[in-house]
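Chemist:
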Amino acid sequence: MKHDSIKSSLRLVVAAIVGGVIAREALPEYWVYLATSVLITAIVLQSLGLVVSRAGMISLCQMSFAGVGAWVVGWLNVAGAPGGLIVWTLIGGLAAVPFGVAIGLPALRLRGVNLAIVTLGFASAFDMVLATINFPGQTNFLSVARPALFASDGNYFVLVLAFYVAVSVGLEFLARSRLGASWLALRHSERAAASNGVNIPAAKVSAFAISAFIAGLSGGLLAGFLGTVVSSNFSVMQSLAMFAVAIMAGSFFPEGALIGGLLVVLVPQILRTFGLAQDWGNVLFAVGATQALSTGEAISEAVRKVARKIPWPRSTKAGPEGVADGKKLPAPLRLDRSTDALRIEALSVRYGQLVALDDVDLSVPVGEVMGLIGPNGAGKSTLIDAVSGFLAHYEGRVSVAGEKFDGRRAHLRARGGIRRTWQTTRIAPELTVGQYMRLAAGRLREDQLRAVLDWLECADARMLVSSLDAGTRRLLDVAGAVAARPAVVLLDEPAAGQSYDDAYELGNHIARIPTLFGSAVLLVEHDMDLIRLACSSVAVLDFGAVVATGRTREVLDDASVKRAYLGIAEEAMA
Amino acid sequence: MEGYFSAAVAGLGAAGAYALLGVCVVFTYRLVSVVNFTGASIGAAGTFVLVVLHQAGLGVLPAAIIGLVAGTLTGMLIGSVMTRWFAQASASTKAAVNVALLVGIVSVGLRLTGGQHPKQFPDLFPGSAFSLADVQVTISALVALGVAAAFTLVSDYFLARTSLGLQLQALSENPKSAELLGIRVGLLSLVVWAVTGLLATFAMMIIAPARSPDFMSLSLLIIPALAAALVGAFRNPWMTFAGGMGIGILQGLTSNIPHLGQYRGTIPLLVILAVLLWTQRGARWDEAR
Numbered sequence: 129m130k131h132d133s134i135k136s137s138l139r140l141v142v143a144a145i146v147g148g149v150i151a152r153e154a155l156p157e158y159w160v161y162l163a164t165s166v167l168i169t170a171i172v173l174q175s176l177g178l179v180v181s182r183a184g185m186i187s188l189c190q191m192s193f194a195g196v197g198a199w200v201v202g203w204l205n206v207a208g209a210p211g212g213l214i215v216w217t218l219i220g221g222l223a224a225v226p227f228g229v230a231i232g233l234p235a236l237r238l239r240g241v242n243l244a245i246v247t248l249g250f251a252s253a254f255d256m257v258l259a260t261i262n263f264p265g266q267t268n269f270l271s272v273a274r275p276a277l278f279a280s281d282g283n284y285f286v287l288v289l290a291f292y293v294a295v296s297v298g299l300e301f302l303a304r305s306r307l308g309a310s311w312l313a314l315r316h317s318e319r320a321a322a323s324n325g326v327n328i329p330a331a332k333v334s335a336f337a338i339s340a341f342i343a344g345l346s347g348g349l350l351a352g353f354l355g356t357v358v359s360s361n362f363s364v365m366q367s368l369a370m371f372a373v374a375i376m377a378g379s380f381f382p383e384g385a386l387i388g389g390l391l392v393v394l395v396p397q398i399l400r401t402f403g404l405a406q407d408w409g410n411v412l413f414a415v416g417a418t419q420a421l422s423t424g425e426a427i428s429e430a431v432r433k434v435a436r437k438i439p440w441p442r443s444t445k446a447g448p449e450g451v452a453d454g455k456k457l458p459a460p461l462r463l464d465r466s467t468d469a470l471r472i473e474a475l476s477v478r479y480g481q482l483v484a485l486d487d488v489d490l491s492v493p494v495g496e497v498m499g500l501i502g503p504n505g506a507g508k509s510t511l512i513d514a515v516s517g518f519l520a521h522y523e524g525r526v527s528v529a530g531e532k533f534d535g536r537r538a539h540l541r542a543r544g545g546i547r548r549t550w551q552t553t554r555i556a557p558e559l560t561v562g563q564y565m566r567l568a569a570g571r572l573r574e575d576q577l578r579a580v581l582d583w584l585e586c587a588d589a590r591m592l593v594s595s596l597d598a599g600t601r602r603l604l605d606v607a608g609a610v611a612a613r614p615a616v617v618l619l620d621e622p623a624a625g626q627s628y629d630d631a632y633e634l635g636n637h638i639a640r641i642p643t644l645f646g647s648a649v650l651l652v653e654h655d656m657d658l659i660r661l662a663c664s665s666v667a668v669l670d671f672g673a674v675v676a677t678g679r680t681r682e683v684l685d686d687a688s689v690k691r692a693y694l695g696i697a698e699e700a701m702a
Numbered sequence: 021m022e023g024y025f026s027a028a029v030a031g032l033g034a035a036g037a038y039a040l041l042g043v044c045v046v047f048t049y050r051l052v053s054v055v056n057f058t059g060a061s062i063g064a065a066g067t068f069v070l071v072v073l074h075q076a077g078l079g080v081l082p083a084a085i086i087g088l089v090a091g092t093l094t095g096m097l098i099g100s101v102m103t104r105w106f107a108q109a110s111a112s113t114k115a116a117v118n119v120a121l122l123v124g125i126v127s128v129g130l131r132l133t134g135g136q137h138p139k140q141f142p143d144l145f146p147g148s149a150f151s152l153a154d155v156q157v158t159i160s161a162l163v164a165l166g167v168a169a170a171f172t173l174v175s176d177y178f179l180a181r182t183s184l185g186l187q188l189q190a191l192s193e194n195p196k197s198a199e200l201l202g203i204r205v206g207l208l209s210l211v212v213w214a215v216t217g218l219l220a221t222f223a224m225m226i227i228a229p230a231r232s233p234d235f236m237s238l239s240l241l242i243i244p245a246l247a248a249a250l251v252g253a254f255r256n257p258w259m260t261f262a263g264g265m266g267i268g269i270l271q272g273l274t275s276n277i278p279h280l281g282q283y284r285g286t287i288p289l290l291v292i293l294a295v296l297l298w299t300q301r302g303a304r305w306d307e308a309r
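For the protein sequence lines, the chains are A and B, in the order given.
Start counting at 1 in the first sequence, then tack on 128, and there's your number in the numbering used here.
Start counting at 1 in the second sequence, then tack on 20, and there's your number in the numbering used here.
Quick look at the structure:
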């Protein structure tokens with residue numbers, strides 16, 4: 129993983145040096161000036177790409193964050209603070225972070241468009257406040273001093289380029305980190321991300337705060353670039369236009385941000401040559417953004433698609449052979465066999481008048497695979513939701529390995545020892561298999577990762593999840609859950625949609641989970657052959673109550689179970 | 021004390037307009053599942069038609085009627101983009117599209133109305149109705165309040181008591197299934213956009229003479245309206261009405277306080293933050309399984 133980040137970062141740095149030297153030496157002065165503003169805009173767009181494209185949220189106040197950065201740089205300049213522009217710019221970026229947190233925290237625990245509303249409100253309020261307080265140095269025409277080395281426009285271009293590259297490299301590393309994977313995961317499904325132990329509000333706020341920091345940097349650079357800034361540089365309309373451009377160009381990728389920067393700077397230039405007003409540029413961005421949203425494809429994505437068709441020379445070197453070897457699996461969890469891995473006592477769940485679960489007692493001992501069966505609507509999935517923390521209210525007690533879990537939020541239950549899978553898989557398709565595994569299971573060595581995937585015959589770690597078929601994704605769900613080695617794994621119909629042979633294989637694998645990983649398993653399934661194969665004991669749920677528990681064979685042969693579950697009447701059996 | 025009272029009364033016109041815009045936002049959201057960021061800009065479009073026609077010598081009444089029609093049509097235009105291409109899109113995609121459309125309307129508006137140069141806005145209902153403890157209550161404030169209250173009443177009734185209203189809400193997330201039930205969703209959503217476009221234009225015509233009358237500032241009056249809608253949790257028209265009233269009166273009050281008055285533009289943001297903090301007790305999850 130890290131290796132990939134370093135490789136693409138190096139590629140970026142080399143491209144930047146080559147491009148920078150060409151631009152600085154070969155372009156006329158005015159073009160270098162324009163290129164500088166392209167890069168500054170591209171930095172803002174990268175900050176938007178982080179929030180909009182990675183975490184799937186809408187932010188309409190990026191230019192206000194830039195304004196905070198510029199204001200702080202202006203203030204430090206007037207105050208004659210030590211350190212010079214580069215240090216001031218970093219401080220300006222940091223100053224934008226508390227603003228990001230203050231308006232992000234209230235909005236981000238809720239879903240929906242709250243962040244869009246609150247950021248629009250902030251942009252407008254900031255606009256009005258700026259108009260009354262002015263920028264430091266604005267009234268006495270004190271312009272922001274550039275460092276002596278970067279005083280000329282050509283050298284200042286190099287400084288801005290260095291910032292752009294630093295931001296890109298930082299984002300590249302972030303994108304491949306567990307935090308970056310959690311952003312993609314929560315954009316796809318917050319529940320699934322939480323079931324992997326991701327603290328949703330914290331992940332969202334961190335994305336928003338980092339984005340505010342980057343936008344703040346660009347504001348500081350703009351202050352140094354222009355010397356004096358005015359409030360209209362950071363108006364609501366600027367923020368809104370940036371949002372449209374980010375959508376249109378697809379600032380998910382560094383080159384998308386660059387394309388967006390080019391659009392923002394060059395379109396008004398072109399309009400001016402034709403004698404057209406610059407407002408039409410924003411109309412173009414609005415249309416472009418709408419178009420990109422309706423086709424689901426931004427400019428940079430279209431460019432990447434074309435680039436993929438060009439037959440570049442590729443390295444065909446495959447990774448070292450991975451052998452399914454139990455020894456390479458991560459060390460299993462060791463639990464005291466005298467406590468239960470999962471103990472549910474007097475669990476009741478009501479939806480209004482409807483009783484979904486009624487006083488359920490259930491224990492899954494350490495080292496055991498227990499089946500949970502019952503007809504549709506019996507309450508199996510409700511039980512899993514309640515235990516894993518996805519229901520707002522339930523009565524009764526849930527404890528894991530002797531520890532009380534009631535009142536804990538879902539991600540804390542996941543971290544504390546309950547992992548679950550979902551009936552329909554919710555893995556973010558933009559992740560690679562390896563990224564998902566590390567998101568689910570935390571730190572894994574390369575050989576451990578491969579061993580887990582090989583054991584389930586799942587997929588190559590470098591493959592994109594989007595390229596996997598549904599059955600393989602379900603296996604990947606299971607792989608992530610067991611690799612985390614929780615006290616108990618709750619599997620919700622893992623074999624649905626699998627062929628008979630694959631389900632048989634899966635049953636054998638599930639039976640070995642306690643030995644290999646140390647986790648107990650509660651398996652919800654309709655496939656009775658799978659239950660017989662994998663489970664040493666079975667509990668039967670009917671109308672929200674446990675009607676039978678015991679050894680698998682005894683329970684499945686019990687007459688009342690057959691009646692409840694298989695729908696065979698006693699008369700017919702007699 | 022008296023000063024505060026008169027300041028509060030002075031905020032009544034804006035309060036009525038915010039309430040009306042806010043209820044329009046809730047009405048649109050409940051029926052077509054779009055958080056309409058363009059509401060105020062649609063109204064601003066109609067209002068500028070009124071101004072231009074009036075400056076060209078047309079009487080206030082015919083100019084206002086044509087302006088209202090123009091606002092209604094603008095609303096339907098936005099609505100048809102939203103329903104035609106994005107009816108099945110996710111909530112966040114719809115919001116992003118809507119914001120992009122806001123950028124479009126504002127840019128076109130700024131271009132056609134000559135940028136930030138303020139215009140002369142005619143007062144639709146000049147004069148004061150009566151005086152309350154020596155404070156003049158203007159007719160236009162009363163009209164704004166009356167129309168806002170009436171639309172709140174109607175939308176509350178429609179959303180909660182009529183079977184069409186209930187059906188449309190139940191199906192707003194999934195227009196395809198509504199089509200299968202034989203409800204003409206496309207047409208009905210256009211009606212929703214037309215009605216809210218008309219009322220938003222009316223609200224903007226009332227409030228515009230008292231505001232910095234450029235297209236951008238007027239379009240941003242959607243922010244207090246969204247804050248009001250949040251007070252009503254995007255569900256309850258009467259709470260939204262109360263929210264709009266509260267924000268308008270609060271802004272009137274603060275404008276009277278020295279040093280603080282110039283920051284009254286931050287009140288909607290503070291209301292938004294307060295409401296969000298209040299609503300988020302307990303974690304919530306995205307779509308059910």
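Heads up, the beta-carbon is just placed ideally off N, CA and C, and yes, glycines get one too.
Who are the near neighbours of A:Gly228 in its chain, counting only those whose CB is closer than 6 Å to its CB and skipping five residues on each side?
Modeler: Same-chain partners within the cutoff: Phe336, Ala337, Ala340.
Chemist: Would a check of beta-carbon distances place A:Ala253 closer than 9 Å to chain B?
Modeler: Yes - at least one Cβ of chain B is within 9 Å of the one on A:Ala253.
Chemist: On a CA-only basis, which of A:Phe671, A:Ala673, A:Asp657, A:Asp670 is nearest A:Thr680? Give me that one, please.
Modeler: That would be A:Asp657, whose Cα lies nearest to the Cα of A:Thr680.
Chemist: How long is the line joining the alpha carbons of B:Arg204 and B:Ser26, rounded to whole angstroms?
Modeler: Their Cα atoms are separated by approximately 49 Å.
Chemist: From A:Leu650 to A:Leu619, what distance separates their C-alpha atoms?
Modeler: A:Leu650 and A:Leu619: Cα-Cα distance of roughly 6 Å.
Chemist: So which of A:Gly308, A:Ala351, A:Val652 has the shortest CA-CA distance to A:Val201?
Modeler: Ranking A:Gly308, A:Ala351, A:Val652 by Cα distance to A:Val201 puts A:Ala351 first.
Chemist: Taking only three categories from DSSP, how would you classify A:Tyr564?
Modeler: Correct three-state label for A:Tyr564: helix.
Chemist: Identify the continuous alpha helix (DSSP H) that holds A:Thr643 and give its terminal residues.
Modeler: Here the alpha helix (DSSP H) through A:Thr643 covers 628-645.
Chemist: B:Gly42 and B:Ala190: beta carbons closer than 9 Å?
Modeler: It is not a contact, given that the beta carbons lie outside the stated cut-off.
Chemist: For the region 413-424 of chain A, list every residue whose C-beta sits within 7 Å of some C-beta in chain B, in sequence order.
Modeler: Cβ contacts with chain B: Phe413, Ala414, Val415, Ala417, Thr418, Leu421, Ser422.
Chemist: What does the alpha-carbon distance come out to for the pair B:Ile269 and B:Gly36?
Modeler: Roughly 10 Å between the two C-alpha positions.
Chemist: Going by DSSP in three states, A:Leu243 sits in which element: helix, strand or coil?
Modeler: Helix.
Chemist: Which residues in chain B sit within 7 Å of A:Ile375, going by Cβ to Cβ distance?
Modeler: Residues of chain B passing the Cβ test: Ala116, Ala120.
Chemist: Give a yes or no on contact between the region 406-425 of chain A and the region 373-382 of chain A, applying the rule of three or more CB pairs nearer than 8 Å.
Modeler: Contact holds: three or more Cβ-Cβ distances are below 8 Å.
Chemist: Give a single yes or no on whether A:Ser466 has its beta carbon closer than 8 Å to a heavy atom of the ligand FMN.
Modeler: Within the structure as shown, the ligand FMN is missing, as the structure has no ligands at all.
Chemist: Can you tell me which of A:Gly148, A:Asn504, A:Asp487 puts its alpha carbon nearest to the alpha carbon of A:Arg525?
Modeler: Residue A:Asp487 is the option with its Cα nearest to A:Arg525.
Chemist: By the 10 Å Cβ neighbour count, where 16 or more other Cβ atoms means buried, how is A:Thr260 classified, buried or exposed?
Modeler: Exposed is the call here.
Chemist: Should B:Ile277 be flagged as near chain A, meaning a C-beta pair shorter than 9 Å?
Modeler: Cβ-Cβ to chain A under 9 Å: no for B:Ile277.
Chemist: Can you check whether the C-beta of A:Ile186 is within less than 9 Å of a C-beta belonging to chain B?
Modeler: Closer than 9 Å to some Cβ of chain B, the Cβ of A:Ile186 qualifies, so yes.
Chemist: Quick one: grab the DSSP three-state call for B:Tyr38.
Modeler: Looking at B:Tyr38 - three-state DSSP - the assignment turns out to be helix.
Chemist: Below 9 Å between beta carbons: does that hold for A:Pro458 and A:Gln576?
Modeler: Result yes, Cβ atoms of A:Pro458 and A:Gln576 sit closer than 9 Å.
Chemist: Going along the chain, which residues of the region 97-111 of chain B sit with their C-beta nearer than 8 Å to a C-beta in chain A?
Modeler: Within the region 97-111 of chain B, the qualifying residues are Val101, Trp105, Phe106, Ala109, Ala111.
Chemist: So A:Phe250 contacts chain B; which residues on that side make the cut at Cβ distance below 7 Å?
Modeler: Within 7 Å Cβ-Cβ: Leu289.
Chemist: Just verifying my parser: in three-state terms, what is the DSSP assignment at B:Thr58?
Modeler: DSSP places B:Thr58 in coil when its eight states are reduced to three.
Chemist: For A:Gly530, does the count of other Cβ atoms within 10 angstroms reach 16, so buried, or fall short, so exposed?
Modeler: Per the 10 Å Cβ criterion, exposed.
Chemist: In whole angstroms, give me the CA-to-CA distance for A:Ala631 and A:Val617.
Modeler: Approximately 18 Å, taken between the alpha carbons.
Chemist: Do you know whose CA, among A:Ala343, A:Tyr522, A:Gly635, lies nearest A:Gly535's CA?
Modeler: Selected option, being the one with the closest Cα: A:Tyr522.
Chemist: Please compile the residues from chain A whose C-beta is within a distance smaller than 9 Å of the C-beta of B:Val45.
Modeler: What B:Val45 touches in chain A: nothing, since even the nearest Cβ is about 10 Å away.
Chemist: 9 Å is my cut-off, CB to CB: does B:Ile203 come that close to chain A?
Modeler: No, no contact with chain A.
Chemist: Taking the beta strand (DSSP E) that B:Leu152 belongs to, which residues open and close that run?
Modeler: Unbroken beta strand (DSSP E) run through B:Leu152: 148-152.
Chemist: Which whole-angstrom value is the C-beta distance of A:Val364 and B:Leu238, which I expect to be below 8 Å?
Modeler: No, A:Val364 and B:Leu238 are not in contact; Cβ-Cβ is about 12 Å, not under 8 Å.
Chemist: Based on the DSSP output, what are the partners of A:Pro493 in its beta bridges?
Modeler: Paired residue(s): A:Asp468.
Chemist: Residues in its own chain within less than 8 Å of A:Val286 by CB, not counting five upstream and five downstream?
Modeler: If we look at A:Val286 and ignore the five residues flanking it on each side, its Cβ neighbours are Gly148, Arg152, Phe278.
Chemist: Can you tell me whether DSSP reads A:Gln190 as helix, strand or coil?
Modeler: Helix.
Chemist: Indicate whether the contact test is met: 3 or more Cβ pairs, each with one atom in the region 320-328 of chain A and one in the region 216-230 of chain A, closer than 8 Å.
Modeler: In short, these stretches do not touch, since the Cβ pair count stays below three.
Chemist: Note down the Cα distance separating A:Gln551 from B:Met259, rounded to an integer number of angstroms.
Modeler: Computed Cα separation, rounded: 39 Å.
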